[in-house]
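Enquirer: Protein chains in written order, with our numbering: chain A, 736 to 927; chain B, 55 to 327.
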């Protein structure tokens, strides 16, 4: 005959095993990333800086230099991406001096050689861009001049949209060619 | 018997060699196209664009454009007849901007272009429309048609919602290209040969618009297909308003100013009067 206290102890043991099992099955699965012991992506070297952005004002048909605060990495490619984001943020606010489509952003930035910059934009940048000779020209000049002012050593800039070449930005301004920053600098003076 | 067999084998071997060599020569030209693509990636000349569409497999409405000839080096002929090529912007699948809430830019530009043709003809200036219906034409195709037709002036018409007033454009050529040799000129910078005359036309048209007490500015713009044309070329864009009746009045007045401006500089454009 099993003593009564043994029966109670075994019963409690079985109950606790059952409860632990239930709680384990209900626990959310941990993502592999959170269990990784290896180092995460290295922190980007850089600092908060004042950047010069050339802002387009549609109503005045003009471009004006403004100062903005941005985290600017040391790497030239990352720096170029942040410079473009700084000017885009001016256009994506409301009210905007030069409205662009929601979701307009930089996807990627890379170099051909040491002086040619290729800026790959999101599809929303072109698809949501207002159509018109003036507005498209203001966008391109504003972006290229802002890049030129904040990233040293760019002599040519080319824009892609979602990794592909496009004939025009929104039906007018050329997106197929490589823009020379020096020539765009002269063109910008017409609007300043 | 031994020699007879050889005689049968030799033609067969020759045919076999041809079969190997011909496709190989095809691959060689594909290699040249790839080299042109690489040149384009470094801001190479326009003939490189033959490869661009191929690389991306983008649909094209027309074959690749032929690099235009420099007008100064073109074979000497008698002066061509003076006529104006009017290009109503957009068309077909390309609606352009949406004006006054619901009107497509392509319809506004077509009506405006017909008005301009009428007003030019009233002044004794022959004119043709690049499209006279709701037709899809790529920008490269527009440039090809115009360069082949050799008009004395090309006028592109556009309408857009923002800001106010009228903008007259001549081409800006801020594009990086390699220097081309001989009679070929790069596609991106084809307008170089006529840029000064284009600016004269733009100034004359802007002055005529100003005479109507309208706000007008003239700019240089990297606008296609202006940069791809070898003849004097301008574009005119007006900021549409919300009332359709106002827009129609504006189109008619602007057509009159453009026609007057072109008639004024007709003598400077090197065509038969």
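For every residue, glycine included, the Cβ atom is placed at its ideal position computed from N, Cα and C. Only a predicted model underlies this, so the values are computations on that prediction, with no experimental measurement involved.
Please list the residues of the region 861 to 875 of chain A that have a C-beta atom closer than 8 angstroms to any C-beta atom in chain B, keeping them in chain order.
Expert: The residues in question are 865, 866, 867, 868, 869, 870, 872 and 875.
Enquirer: Taking the C-alpha atoms as reference points, what is the distance between residue 209 of chain B and residue 262 of chain B?
Expert: Going from the Cα of residue 209 of chain B to the Cα of residue 262 of chain B covers about 15 angstroms.
Enquirer: Quick check: the region 889 to 898 of chain A against the region 846 to 862 of chain A, are there 3 or more CB pairs under 8 angstroms?
Expert: Yes, the region 889 to 898 of chain A touches the region 846 to 862 of chain A.
Enquirer: I'd like to confirm the pairing. Which residues does DSSP put opposite residue 212 of chain B in its beta bridges?
Expert: BP columns for residue 212 of chain B point to B/291.
Enquirer: Along the region 890 to 909 of chain A, what residues have a CB closer than 7 angstroms to any CB found in chain B?
Expert: For the region 890 to 909 of chain A, which is checked against every Cβ of chain B, the residues closer than 7 angstroms are 891, 899, 900, 902, 903, 906, 907, 908 and 909.
Enquirer: Hey, is residue 845 of chain A's beta-carbon within less than 8 angstroms of any beta-carbon in chain B?
Expert: Chain B contact via Cβ: absent.
Enquirer: In chain B, what lies closer than 8 angstroms to residue 915 of chain A by C-beta?
Expert: Result: 228, 229 and 230.
Enquirer: Short of 8 angstroms in beta carbon distance, which residues of its chain neighbour residue 890 of chain A, apart from the five on each side in sequence? Order them along the chain.
Expert: Contacts found: 850, 851, 915, 916 and 917.
Enquirer: Give me the DSSP bridge partner(s) of residue 798 of chain A.
Expert: Residue 798 of chain A pairs with A/791.
Enquirer: Pull out every residue of the region 823 to 834 of chain A whose Cβ sits closer than 7 angstroms to any Cβ of chain B, in chain order.
Expert: Residues passing the 7 angstroms Cβ filter: none.
Enquirer: Using a Cβ distance threshold of 8 angstroms, determine whether the region 219 to 233 of chain B contacts the region 161 to 173 of chain B, with at least three qualifying pairs required.
Expert: Short answer: they don't touch.
Enquirer: Is the beta carbon of residue 319 of chain B closer than 8 angstroms to that of residue 258 of chain B?
Expert: Cβ atoms of residue 258 of chain B and residue 319 of chain B: closer than 8 angstroms.
Enquirer: Given a threshold of 16 other Cβ atoms within 10 Å of its Cβ, counted over all protein chains shown, does residue 800 of chain A qualify as buried or as exposed?
Expert: Counting Cβ neighbours within 10 Å, residue 800 of chain A comes out exposed, since fewer than 16 surround it.
Enquirer: At a Cβ threshold of 8 angstroms, is residue 148 of chain B touching chain A?
Expert: Taking Cβ atoms only, chain A reaches closer than 8 angstroms to residue 148 of chain B, which makes this a yes.
Enquirer: Pull up the CB-CB distance for residue 834 of chain A and residue 808 of chain A, whole angstroms please, since I reckon it's below 8 angstroms.
Expert: Not confirmed; about 28 angstroms, so no contact.
Enquirer: Just the Cα atoms here: how many angstroms apart are residue 810 of chain A and residue 819 of chain A?
Expert: If I take the Cα positions, the gap works out to 14 angstroms.
Enquirer: Determine the direct distance from the alpha carbon of residue 824 of chain A to that of residue 839 of chain A, and round the result to whole angstroms.
Expert: In a straight line, the C-alpha of residue 839 of chain A is about 9 angstroms away from that of residue 824 of chain A.
Enquirer: DSSP on residue 976 of chain A, reduced to helix/strand/coil?
Expert: Missing from the structure shown is residue 976 of chain A; chain A here goes from 736 to 927 and no further.
Enquirer: Please classify residue 793 of chain A as buried or exposed, where buried requires at least 16 neighbouring CB atoms within 10 angstroms.
Expert: Counting Cβ neighbours within 10 Å, residue 793 of chain A comes out buried, since at least 16 surround it.
Enquirer: Is it a yes or a no for the region 275 to 284 of chain B touching the region 305 to 320 of chain B, going by three-plus beta-carbon pairs under 8 angstroms?
Expert: The region 275 to 284 of chain B, when compared against the region 305 to 320 of chain B, does not touch it at the 8 angstroms Cβ threshold.
Enquirer: At what residues does the beta strand (DSSP E) containing residue 181 of chain B begin and finish?
Expert: Taken as a continuous stretch (DSSP letters only), the beta strand (DSSP E) holding residue 181 of chain B covers 181 to 183.
Enquirer: Residue 256 of chain B and residue 214 of chain B: beta carbons closer than 8 angstroms?
Expert: No, they are not a contact pair.
Enquirer: Which chain A residues are close to residue 277 of chain B, counting only those with a beta carbon under 9 angstroms from its beta carbon?
Expert: Chain A residues near residue 277 of chain B: 868, 871, 872, 903, 907, 908 and 909.
Enquirer: Quick one: grab the DSSP three-state call for residue 149 of chain B.
Expert: Coil, per DSSP.
Enquirer: Alpha carbon to alpha carbon, how far is residue 883 of chain A from residue 923 of chain A? Give it in angstroms, no decimals.
Expert: So the alpha carbons of these two residues sit roughly 12 angstroms apart.
Enquirer: Measuring alpha carbon to alpha carbon, tell me which residue in A/877, A/906, A/868 and A/847 is nearest residue 913 of chain A.
Expert: Closest by alpha carbon: A/847.
Enquirer: Just the Cα atoms here: how many angstroms apart are residue 295 of chain B and residue 152 of chain B?
Expert: Each residue's Cα considered, the two are about 11 angstroms apart.
Enquirer: Nearest chain A C-beta to residue 321 of chain B closer than 8 angstroms, yes or no?
Expert: Taking Cβ atoms only, chain A never reaches closer than 8 angstroms to residue 321 of chain B, which makes this a no.
Enquirer: Mind pulling the chain B residues with CB within less than 7 angstroms of residue 912 of chain A?
Expert: Within chain B, the residues near residue 912 of chain A are 229 and 242.
Enquirer: Any beta-carbon of chain A closer than 8 angstroms to the one on residue 261 of chain B?
Expert: No, its Cβ sits nowhere closer than 8 angstroms to a Cβ of chain A.
Enquirer: Taking the CB atoms as reference points, tell me whether residue 150 of chain B and residue 863 of chain A lie closer together than 8 angstroms.
Expert: It is not a contact, given that the beta carbons lie outside the stated cut-off.
Enquirer: Short of 8 angstroms in beta carbon distance, which residues of its chain neighbour residue 252 of chain B, apart from the five on each side in sequence? Order them along the chain.
Expert: So the qualifying residues of the chain are 224, 225, 245, 280, 286, 287 and 288.
Enquirer: Measure the Cβ-Cβ separation of residue 291 of chain B and residue 886 of chain A and say whether it is below 8 angstroms.
Expert: Contact: no.
Enquirer: Taking only three categories from DSSP, how would you classify residue 908 of chain A?
Expert: Residue 908 of chain A falls in the strand class under three-state DSSP.
Enquirer: Given residue 268 of chain B, which residues of its chain have a CB within under 7 angstroms of its CB, disregarding the five upstream and five downstream residues?
Expert: Hits under 7 angstroms: 219 and 220.
Enquirer: Just to confirm, are residue 137 of chain B and residue 181 of chain B a CB contact at a threshold of 8 angstroms?
Expert: Yes, these two residues count as a Cβ contact at 8 angstroms.
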